[in-house]
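Novice:
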Ligand code: PMP
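Numbering (UniProt numbering), first residue to last: 1 to 302.
(1) Hey, how far is the Cα of residue 275 from the Cα of residue 138?
(2) Tell me which same chain residues have a C-beta within less than 8 Å of the C-beta of residue 258, skipping the five on either side of it?
(3) If distances are taken between C-alpha atoms only, which option among 69, 103, 65 and 59 comes closest to residue 84?
(4) What I want to know is whether the C-beta of residue 17 ends up closer than 7 Å to one or more non-hydrogen atoms of the ligand PMP.
(5) By a C-beta neighbour count over all protein chains shown, 10 Å radius and 16 as the cutoff for buried, is residue 69 buried or exposed?
(6) Examine the ligand PMP and report whether any of its heavy atoms sits within less than 7 Å of the Cβ of residue 223.
(7) Is the CB-CB distance between residue 243 and residue 265 below 8 Å?
(8) State the start and end residues of the unbroken beta strand (DSSP E) segment that holds residue 274.
(9) Exposed or buried, what is residue 207 when buried is set at 16 or more other beta-carbons lying within 10 Å of its beta-carbon?
(10) Given 7 Å as the limit, tell me if residue 171 has its C-beta closer than that to any heavy atom belonging to the ligand PMP.
(11) Roughly how many angstroms separate the alpha carbons of residue 55 and residue 133, rounded to a whole number?
(12) For residue 154, which residues in the same chain have their Cβ closer than 8 Å to its Cβ, ignoring the five residues on either side in sequence?
(13) Judging by CA-CA distance, which residue of 117, 191, 124 and 179 is the nearest neighbour of residue 305?
(14) Quick one: Cα of residue 248 to Cα of residue 302, how far?
(15) Taking residue 34 as part of the beta strand (DSSP E), name the residues at either end of that continuous run.
(16) Could you name the residues of the same chain whose beta carbon sits closer than 8 Å to that of residue 78, not counting the 5 residues immediately before and after it, in chain order?
(17) State yes or no: is the C-beta of residue 171 within less than 8 Å of the C-beta of residue 164?
(18) Is the beta carbon of residue 120 less than 8 Å from the beta carbon of residue 88?
(19) In the segment 42-118, which residue ranges form an unbroken alpha helix (DSSP H) of at least 4 residues, counting only runs that do not cross its ends?
(20) I want to check one thing, is the minimum distance from the CB of residue 68 to the heavy atoms of the ligand PMP below 7 Å?
(21) Between which two residues does the beta strand (DSSP E) holding residue 175 run?
(22) What are the boundary residues of the beta strand (DSSP E) that residue 196 is part of?
(23) Hey, residue 292 and residue 36 are a contact pair by Cβ (cut 8 Å); roughly how many whole angstroms apart?
(24) Based on the DSSP output, what are the partners of residue 293 in its beta bridges?
(25) Please report the straight-line C-alpha distance between residue 152 and residue 300, rounded to a whole angstrom.
(26) Only counting the same chain, and skipping five residues up and downstream in sequence, which positions put a Cβ closer than 6 Å to that of residue 98?
(27) Could you give the distance in angstroms between the alpha-carbon of residue 65 and the alpha-carbon of residue 71?
(28) Starting from residue 20, trace the beta strand (DSSP E) both ways and give me its first and last residue.
(29) Counting C-beta neighbours from all protein chains within 10 Å, is the total for residue 197 16 or more, i.e. buried, or is it exposed?
(30) Among residues of its own chain, excluding the 5 on either side of residue 190, which ones have a beta-carbon nearer than 8 Å to its beta-carbon?
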């Protein structure tokens with residue numbers, strides 16, 4: 001027998017299950033990779049691990065701007081590695097997510113979202129400079145999509161045994177869709193990669209060159225941007241669909257009550273996007289990832 005004991009929770013990141021969504025999508029082939037099963041509670045554990053494995057030697061302090069999950073992943077990893085950790089977040093982030101970061105012993109810096117002097121990412125950059133700390137910079141670092149290209153993408157491909165025609169993925173920083181999408185297309189160029197974002201977010205325009213409809217606002221944490229981030233690779237993405245918040249919230253209940261999957265708002269938004277796409281992709285095998293858990297939003301959504 002070989003011992004299966006992990007050295008730390010960081011070694012427990014990954015190998016998340018892929019589950020068929022046959023109750024909400026009857027007569028269709030739709031599967032979801034449940035990234036909320038990671039120890040820090042989201043897909044961001046993978047990116048943070050990848051980035052910390054490559055940070056400058058001797059780093060003692062880390063800073064990052066986050067809609068919550070990257071912050072929690074970084075706070076968790078910092079606890080294991082003995083790093084001093086500070087996270088900037090938008091003031092719209094759910095209470096559970098803020099407490100979750102603080103529970104790991106990290107400091108949280110809330111940033112105003114209405115008429116801010118600086119947004120949370122700029123605040124993180126400034127604080128990192130002031131404190132001579134290492135700034136992860138998920139919105140610009142190539143290590144973001146690289147984590148999904150070297151880790152999440154190959155894992156998904158293997159679990160599906162290559163049986164996939166369409167990969168559908170929510171877009172926040174764009175790291176997940178760009179990394180997994182690039183890997184899958186290299187394995188099989190016929191695979192379509194389709195992004196999902198809230199209404200009026202900027203990625204659809206970047207991919208399809210359609211005019212934006214106005215200001216971007218959403219209750220879905222983690223998805224959408226007013227301006228596309230550098231981590232998003234439009235060359236990998238074939239199309240982007242937009243989902244109204246109300247529609248996403250309906251799917252939150254459906255996933256919980258019909259599939260027993262208590263997912264977060266971004267997962268529900270992607271499920272709503274898949275429902276929109278299904279008539280256009282009959283008989284296609286569709287795969288997606290559910291980035292985080294509904295547990296982090298119990299008081300916000302449910
Ligand atoms: N869903 C949630 C809950 C997230 O926190 C994020 C990350 N912002 C995403 C989706 C989007 O992932 P990515 O940043 O890789 O586009």
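Don't be surprised by glycine CBs; every beta carbon is placed ideally from N, CA and C.
Small disclaimer: the values here were computed from a predicted structure and weren't measured.
Specialist: This is what the structure gives:
(1) Numbered from its first residue, the chain shown carries residue 275 at position 275. Numbered from its first residue, the chain shown carries residue 138 at position 138. Rounded to the nearest angstrom, the two C-alpha atoms are 29 Å apart.
(2) One-based indexing of the chain shown puts residue 258 at position 258. Excluding positions up to five away in sequence, the list reads 23 and 24.
(3) In the chain shown, the residue the question calls residue 84 occupies position 84. The shortest C-alpha separation from residue 84 is found at 59.
(4) The residue labelled residue 17 in the question sits at position 17 within the chain shown. No; taking the cut-off as 7 Å, the Cβ of residue 17 has no heavy atom of the ligand PMP nearer than that.
(5) Here the question's residue 69 lines up with position 69 in the chain shown. By the neighbour-count criterion, in which a residue is buried when 16 or more other Cβ atoms sit within 10 angstroms of its Cβ, residue 69 is buried.
(6) Residue 223 sits at position 223 when you count from the first residue of the chain shown. The answer is yes for residue 223.
(7) Here the question's residue 243 lines up with position 243 in the chain shown. Here the question's residue 265 lines up with position 265 in the chain shown. The answer is no: Cβ separation not under 8 Å.
(8) Mapped onto the chain shown, residue 274 falls at position 274. Note, residue 274: premise wrong, no beta strand (DSSP E); alpha helix (DSSP H) at 265-277.
(9) As a first step, residue 207 must be located in the chain shown, where it is residue number 207. So residue 207 ends up on the buried side.
(10) As a first step, residue 171 must be located in the chain shown, where it is residue number 171. Yes, the ligand PMP has a heavy atom inside 7 Å of this Cβ.
(11) On the chain shown, residue 55 is found 55 positions in, with the first residue counted as 1. On the chain shown, residue 133 is found 133 positions in, with the first residue counted as 1. Near 11 Å, if we compare the C-alpha coordinates of residue 133 and residue 55.
(12) The residue given as residue 154 occupies position 154 in the chain shown. Correct list, in chain order: 183.
(13) In the structure as shown, the chain begins at 1 and stops at 302. Residue 305 is therefore absent and cannot be evaluated.
(14) What you label residue 248 is simply residue 248 of the chain shown in a count that begins at 1. What you label residue 302 is simply residue 302 of the chain shown in a count that begins at 1. Taking the straight line joining both Cα atoms gives about 13 Å.
(15) Residue 34 sits at position 34 when you count from the first residue of the chain shown. Residue 34 -> beta strand (DSSP E) spans 29-34.
(16) Counting from one through the chain shown, the residue named residue 78 turns up at place 78. Contacts found: 62, 84, 85, 104, 105 and 106.
(17) Locating residue 171 in the chain shown gives position 171, counting from the first residue. Locating residue 164 in the chain shown gives position 164, counting from the first residue. No, the Cβ-Cβ distance between residue 171 and residue 164 is not below 8 Å.
(18) Mapped onto the chain shown, residue 120 falls at position 120. Mapped onto the chain shown, residue 88 falls at position 88. In contact: residue 120 and residue 88 (Cβ atoms closer than 8 Å).
(19) DSSP runs (the alpha helix (DSSP H)) wholly in the segment 42-118: 44-52, 69-81 and 95-103.
(20) Taking the first residue of the chain shown as 1, we reach residue 68 at position 68. Correct: residue 68 has its Cβ closer than 7 Å to the ligand PMP.
(21) Start at 1 with the first residue of the chain shown, and residue 175 comes out as number 175. Segment 175-187 is the alpha helix (DSSP H) holding residue 175; no beta strand (DSSP E) there.
(22) Walking along the chain shown from the start, residue 196 turns up at place 196. Here the beta strand (DSSP E) through residue 196 covers 192-198.
(23) In the chain shown, the residue the question calls residue 292 occupies position 292. In the chain shown, the residue the question calls residue 36 occupies position 36. Indeed, because the Cβ distance is near 5 Å, the residues count as touching under 8 Å.
(24) Position 293 of the chain shown, counted from the start, is the residue given in the question as residue 293. Partner(s): 263.
(25) By 1-based counting over the chain shown, the position of residue 152 is 152. By 1-based counting over the chain shown, the position of residue 300 is 300. So the alpha carbons of these two residues sit roughly 29 Å apart.
(26) Residue 98 sits at position 98 when you count from the first residue of the chain shown. Correct list, in chain order: 108.
(27) By 1-based counting over the chain shown, the position of residue 65 is 65. By 1-based counting over the chain shown, the position of residue 71 is 71. Residue 65 and residue 71: Cα-Cα distance of roughly 7 Å.
(28) As a working mapping, residue 20 is identified with position 20 in the chain shown. Its beta strand (DSSP E) spans residues 18-20.
(29) The sequence position of residue 197 within the chain shown is 197, counting from 1. Buried: at least 16 other Cβ atoms inside 10 Å.
(30) The residue labelled residue 190 in the question sits at position 190 within the chain shown. Within the same chain, residue 190 has close Cβ partners 165.
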